[in-house]
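Everything below concerns the one structure shown next.
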Amino acid sequence: MSRVFIALQTNDDTRPIIESILADNPHAVPVESPAMIKIDAEGHLTVKRESISELIGRDFDLQELHTHLISLSGHIDESDDEFTLYWDN
Amino acid sequence: MDMQVPKKKLGLKERYTLMTRDLAWDTTYQPKEKVYPYADYEGIRIHDWDKWEDPFRLTMDAYWKYQAEKERKLYAIIDAYSQSNGHLGVTDARYLNAIKIFLTAVTPLEHMAHRGFAHAGRAFPGAGARVACQMQAIDEMRHAQTQIHSLSNYNKYYNGFHDFTHMYDRVWYLSVPKSFFDDAITAGPFEFMVAVGFSFEYVLTNLLFVPFVSGAAYNGDMGTMTFGFSAQSDEARHMTLGLECIKFILEQDPANLPIVQRWIDKWCWRGVRLLSIVAMMMDYMLPKRVMSWKEAWEIYFEENGGALFKDLARYGIKMPACAEQIRLEKDHLSHQVWATFYNYGGATDFHTWMPTEDEMQWLSQKYPDTFDTYYRPRFEFWREQQEKGNRFYNQTLPMLCQTCQIPMLFTEPGDPTKICYRERTYKGNKYHFCSDHCQHIFDNEPEKYVQAWLPVNQIYQGNCFPEGTDPSAPGFDPLAAVLEYYRLNIGRDNGEFEGSEDHRNFEAWRGMAKRND
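Protein chains in written order, with the numbering used here: chain A, 203 to 291; chain B, 37 to 553.
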């Protein structure tokens, strides 16, 4: 299985995003670098709107990710509730 | 950011359809072939543009909203950084030389990418592809502008930042990035997408914008960190577009496969050659290092690119043939390129230097199989010579590769003691190449590459002197005339870092920043 990744800036807005990604994807591995974090995951990784909304106490729009996103890999499946990265191999 | 998210009546997918595809129309009073004249000539067959899927379902209204948010954050940081003399917080002034390369070699490419995507977007008959290209064209313009704005702060204090648009079209090593993008935008729209949207964006930009920019943060350069990450957040969208574009083309017709494979082979190699300068920036120009070029390469090319090509195997796409040579070069690349720039440090717009003993130890540790054997002895010799007052500057112009335009500095795959040369005769003229792959690219399109504007050849032909220069005048100094044509101040903008005006000013100003005198 190939690994996908999502890289985010590390700031106050992304703290709950990172926390919920790691909670929702127990197989994900965070790799920290100066000013950023890269989250690697075997096969697939899902960002869930509901988990983030719960942590920040307001409705989160998954497209807000664009503001903090640095990079990613894999195919994308995006809906209002979930943003998934995956490889089919 | 504390945004209130209003309740939406339509789902994301429906909104996307309504705000993109449904805004398109079919032409009635002109035939389609006349409206989209570049859609067919490359031989790519598209049967149904409606099969195009844009995985990021970003509509124009959402695009403006999030881009505006990114810009507000970015400019607030740039202002704060320059208002508080942030430049004095960078590790040391050597670092700024990497940023000079960024401004002269990368920023103009962003602008060329803007032009390229605007053109590709106009040329594609499908609405999904047009919208995605339009956003990317705007993104690329934004990248050029934010880089210029961030880096103009340094131009107030340091040398070499003063005339990047003039230099981009003239300075010898800048013909490498310039010719890369000129090659891409003079191709057809499909090749441009494979070249820039896929090969460059997906396979290679991470190497510049992720570890190097994280390195900028590590070295205290808040401006570069901010524009770099802000740009790469758009790149995430671009990469997805590049991947989608490849899948779409391959699914449309099996006859497209060999054409696409040839483009992938060509542009991965062109991109790898272009990035050789980034290898040097990471290993030699960042005083504090996040990771070596080789480590970054393994993460972002071997692992990430490997997963990508494994995924594309179902369409019959193979890992480019150059991958094996690339694997052999990763232990050598940054050292060979830095050695070359050190040699030609009298003709660049930035300073060069020999690494300190600590830095050489770091290089030995990161490159245990190559650094001590092949590069350390040379570097120690140059350092000794410099200490004796014989700082080495190469006075002879190098031979350039006809395709990538890089001086012949790369070694034979498998033999790091021998420079790699290839040559071809075409219509009675001889052409030289740095590698088999650059030669193959030429062989496929010789009529394109014989037109290459090679800086060294142009200098020897007398085309790179200021207007009115008389090369037959007594005492004529050709190198000085070329540097004047480049608008470089000899010894002030370039040459040895140690003892340079930038070095002295930075030390003095940093001292003043800590005292009241």
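Think of the CB as a built atom: it goes at the ideal place given N, C-alpha and C, for glycine as much as any other residue.
Check	Outcome
Measuring only between beta-carbons, confirm whether residue 281 (chain A) sits less than 9 angstroms from chain B.	yes
Look up residue 366 (chain B) in the DSSP assignment and say whether it is helix, strand or coil.	coil
Short of 9 angstroms Cβ to Cβ, which residues in the stretch 232-254 of chain B face chain A?	238, 241, 242, 245, 246, 247, 249, 250, 251, 252, 253 and 254
In the structure shown, what three-state DSSP assignment does residue 515 (chain B) receive?	helix
Once the 5 residues before and after residue 371 (chain A) are set aside, which same chain residues still bring their CB inside 6 angstroms of it?	With chain A represented from 203 up to 291, any question about residue 371 (chain A) goes unanswered, as that position is not in the structure.
Quick one: measure Cβ to Cβ for residue 445 (chain B) and residue 376 (chain B), integer angstroms, because I've assumed they're closer than 8 angstroms.	5 angstroms
Report yes or no: is there a C-beta of chain B within less than 9 angstroms of the C-beta of residue 247 (chain A)?	no
Taking 7 angstroms as the limit between beta carbons, can you name the residues of its chain near residue 498 (chain B), skipping five residues before and five after?	507
I need the straight-line Cα distance from residue 187 (chain B) to residue 287 (chain B), nearest angstrom please.	43 angstroms
Which bits of chain A does residue 127 (chain B) rub up against, with CB to CB less than 7 angstroms?	Going along chain A, no residue has its Cβ under 7 angstroms from residue 127 (chain B), so there is no contact; the nearest lies around 12 angstroms.
Starting from the beta carbon of residue 11 (chain B), find every residue of chain A whose beta carbon is closer than 7 angstroms, and list them in chain order.	No statement about residue 11 (chain B) is possible, as the shown extent of chain B runs from 37 to 553 and does not include it.
Using the C-alpha atoms, what's the distance from residue 234 (chain A) back to residue 164 (chain B)?	36 angstroms
Does residue 268 (chain A) have its Cβ less than 9 angstroms from a Cβ in chain B?	yes
Please classify residue 526 (chain B): is it buried, with 16 or more other beta-carbons within 10 angstroms of its beta-carbon, or exposed?	exposed
Between the C-alpha atoms of residue 290 (chain B) and residue 298 (chain B), what's the straight-line distance to the nearest angstrom?	14 angstroms
Excluding five sequence neighbours on each side, which residues of the same chain lie with their C-beta closer than 8 angstroms to the C-beta of residue 311 (chain B)?	240, 243 and 244
Check residue 386 (chain B) in the structure and name its three-state DSSP category.	coil
9 angstroms is my cut-off, CB to CB: does residue 227 (chain A) come that close to chain B?	no
So residue 205 (chain A) contacts chain B; which residues on that side make the cut at Cβ distance below 9 angstroms?	339, 340 and 343
According to DSSP, is residue 234 (chain A) part of a helix, a strand, or is it coil?	strand
Considering only C-alpha positions, which residue in the set B:451, B:436, B:177 and B:533 is nearest to residue 419 (chain B)?	B:533
Which chain A residues sit within Cβ distance under 9 angstroms of residue 326 (chain B)?	235 and 236
Give a yes or no on whether 9 angstroms exceeds the smallest Cβ distance from residue 223 (chain A) to chain B.	no
Hey, quick one: how far does the beta strand (DSSP E) through residue 467 (chain B) stretch, first residue to last?	465-469
If distances are taken between C-alpha atoms only, which option among B:49, B:100, B:463 and B:172 comes closest to residue 154 (chain B)?	B:172
Residues of chain B with a CB under 7 angstroms from the CB of residue 209 (chain A): which are they?	246
Can a CB atom of chain B be found closer than 9 angstroms to the CB of residue 253 (chain A)?	no
Step through the CB atoms of chain A and report whether any lies within less than 9 angstroms of the CB of residue 527 (chain B).	no
The alpha helix (DSSP H) that contains residue 207 (chain A), what's its start and end?	Careful: residue 207 (chain A) lies outside any alpha helix (DSSP H), inside the beta strand (DSSP E) at 205-211.
Could you give the distance in angstroms between the alpha-carbon of residue 69 (chain B) and the alpha-carbon of residue 86 (chain B)?	18 angstroms
Mind checking if residue 272 (chain A) is an interface residue toward chain B, Cβ cutoff 9 angstroms exclusive?	yes
Could you check the C-alpha separation between residue 211 (chain B) and residue 140 (chain B) for me, to the nearest Å?	11 angstroms
Among residues of its own chain, excluding the 5 on either side of residue 277 (chain A), which ones have a beta-carbon nearer than 6 angstroms to its beta-carbon?	288
Pick from B:473, B:550 and B:464: whose alpha carbon is nearest that of residue 457 (chain B)?	B:473
Could you check which residue in B:205, B:279 and B:75 has the C-alpha nearest to that of residue 168 (chain B)?	B:279
Touch check for the stretch 517-531 of chain B and the stretch 475-488 of chain B: three-plus C-beta pairs under 8 angstroms?	no
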